[in-house]
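Note sheet for the following structure.
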Amino acid sequence: MEMCSREEIMDLCPQNMCCVIPQVLPKQLCLPPYSTKEELRTILTETTAREFSDLPHDILMDIIAMLEIPDALRAVSVCSSWRFVHIRLHNLGKYKRPQTPCFLYTSQSIEKRTYKLTLPEPPISRRYLLGSSDGWLVTADERSEMHILNPITGEQIALPSVITINQVTPIFNRKGELCKYRYSRHTAEGVTESPMTLPLDKLRLEHDKWTWLPPHLGIHDCAYKDGLLYAVTSFGEIFSFDLDATVITAKVIMGRTKEYACERIYIVHAPCGDLLQVWKPQEGNGNRVDEITGFPALVSNTQNTRIFRVDTVAKKLVQIFSLDDHVLFIGNNQTSCLGVSEYPQLKANHVYFTDDFECLSSKSMWGLRLDIGVLNLEDKSIDEIVAPRLFLKCRAPVFLVPNPSMMNSTLHG
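All the letters of the sequence shown, read from the start, carry residue numbers 2 to 414 under the working numbering.
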């Protein structure tokens, strides 16, 4: 499959300068009275660029601080004074606006409201996308080496080499060049399969950690809060790890809650402080045909997703049937639970999900439709995020929450 190098981010709740200007600019520019947004747009169109660039810096800071990160980056490209204010805003730590999750995908055409990104080498189109967290993408290149990448700023950090993982041994050819890896599928509890010899670009489909989190298997998801890493297994067990401790040990928060590993399980802290478990059923076989590709398709069972509150005192799960004024993001990305009071354009009591099928690369190769959409918990209906589906199947889309604190101000010059 030909890989596409175009990266696009789509806002899930569009908010741009037209939303912010009516709150700040009219009085500052002594604009004439207006009664509709159309009248205001006409007035602003007739306002000269000089009047905008000459705004006091404190007013510009108020404006830019109200924008989402993608909109802010577009705004500061207007002129040098706006760019200077943007840098100062970050340096002073005053950019505190909650950032709405964006939908990151590759596409051959553009619909909706998207932002084209120029990313550093090596090309991300040839990388395997492992997930996202705190504004960073986690990727593995053609040698299976891992990098984290901020797609907004272009910042990139190489992570420790895969050969530092206990299960990986490098194999060199007669010229002394790295040509393959020997991968042993063993865990903290023992050997699970015989060792495999893999091409350089195939190991990235297998490895997922450098440091043991003893002594447990089948970890599905993690959440970090107050210095502790919480992990949930395929059987609903929850453990916490103090990563700052001299010796990393596991504390049991919740024992096994199920006998069979037949769902994808996520863990997340709700804004109210509750710890939640989310169970998303696996896709099943069926006679469904993808209307786009014409190939057979797996049957999505995402409408049967269940949500539980973790009662850490009674050591049990309590099922909840509504998120009320909250929304969940699950999938091949950091699991998040957000309140719609801070993100009013998001759909309350909905679950936004992307495909994190265990054999995702094979699923894409077979031409199977990716399980992506928005689940309404009230009536169990599922809507598309992008319709028609424009993203390529070579790499699954992810949700990404732009994090302004991650930005390097030297890149804005």
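Where is the CB? At the ideal position from N, CA and C, for every residue including glycine. None of the values given here were measured: they were computed from a predicted structure.
Per DSSP, residue i is paired with what?
{"i": "residue 399", "result": "105"}
{"i": "residue 351", "result": "328 and 377"}
{"i": "residue 320", "result": "309"}
{"i": "residue 173", "result": "179"}
{"i": "residue 265", "result": "281"}
{"i": "residue 276", "result": "270"}
{"i": "residue 344", "result": "Answer by DSSP bridge pairing: none, since residue 344 is not bridged."}
{"i": "residue 248", "result": "DSSP, once it has assigned bridges, lists no residue as partnering residue 248."}
{"i": "residue 1", "result": "Here the chain has residues from 2 to 414 only, and residue 1 is not among them."}
Provide the residue span of the beta strand (DSSP E) that contains residue i, from first to last.
{"i": "residue 200", "result": "197-200"}
{"i": "residue 183", "result": "179-184"}
{"i": "residue 243", "result": "239-243"}
{"i": "residue 157", "result": "157-159"}
{"i": "residue 140", "result": "137-141"}
{"i": "residue 283", "result": "First-last for residue 283: undefined, no H or E at that position."}
{"i": "residue 371", "result": "Looking at the DSSP string, residue 371 is not in any beta strand (DSSP E), and its letter there is neither H nor E."}
{"i": "residue 149", "result": "147-150"}
Skipping 5 residues on each side, what residues in its chain have a beta carbon closer than 7 Å to that of residue i?
{"i": "residue 244", "result": "230"}
{"i": "residue 200", "result": "181"}
{"i": "residue 73", "result": "65 and 87"}
{"i": "residue 271", "result": "277, 327 and 338"}
{"i": "residue 340", "result": "272, 326 and 327"}
{"i": "residue 398", "result": "104, 105, 106, 355, 373 and 392"}
{"i": "residue 141", "result": "128, 129, 131, 147 and 205"}
What is the DSSP secondary structure of residue i, reduced to helix, strand or coil?
{"i": "residue 253", "result": "strand"}
{"i": "residue 380", "result": "coil"}
{"i": "residue 308", "result": "strand"}
{"i": "residue 220", "result": "strand"}
{"i": "residue 82", "result": "helix"}
{"i": "residue 165", "result": "helix"}
{"i": "residue 87", "result": "helix"}
{"i": "residue 127", "result": "helix"}
{"i": "residue 210", "result": "Summary for residue 210: the model assigns pLDDT 44, below 50, so the residue's position carries little reliability; its value from the coordinates is reported in the next sentence. If DSSP states are grouped into helix, strand and coil, residue 210 belongs with coil."}
{"i": "residue 386", "result": "coil"}
{"i": "residue 315", "result": "coil"}
{"i": "residue 234", "result": "strand"}
{"i": "residue 258", "result": "coil"}
{"i": "residue 336", "result": "coil"}
Span of the alpha helix (DSSP H) holding residue i?
{"i": "residue 59", "result": "58-66"}
{"i": "residue 272", "result": "First-last for residue 272: undefined, no H or E at that position."}
{"i": "residue 71", "result": "70-76"}
Take residue i and list the residues in its own chain whose beta-carbon comes closer than 8 Å to its own, dropping the five residues that flank it on each side.
{"i": "residue 146", "result": "159, 160, 162 and 163"}
{"i": "residue 437", "result": "Nothing about residue 437 can be reported from this structure: the residues present for the chain run from 2 to 414 only."}
{"i": "residue 225", "result": "231"}
Leaving out the 5 sequence neighbours to the left and right, which residues in its chain are closer than 6 Å to residue i when beta-carbon positions are compared?
{"i": "residue 329", "result": "338 and 352"}
{"i": "residue 202", "result": "143"}
Is it buried or exposed, residue i, if we count other Cβ atoms within 10 angstroms and call 16 or more buried?
{"i": "residue 305", "result": "exposed"}
{"i": "residue 58", "result": "exposed"}
{"i": "residue 315", "result": "exposed"}
{"i": "residue 132", "result": "buried"}
{"i": "residue 105", "result": "buried"}
{"i": "residue 175", "result": "exposed"}
{"i": "residue 246", "result": "exposed"}
{"i": "residue 332", "result": "buried"}
{"i": "residue 263", "result": "exposed"}
{"i": "residue 411", "result": "Below a pLDDT of 50, predicted positions are generally treated as unreliable, and residue 411, at 40, falls in that range; the measurement from the model is reported next regardless. The residue is exposed, with fewer than 16 neighbouring Cβ atoms inside 10 Å."}
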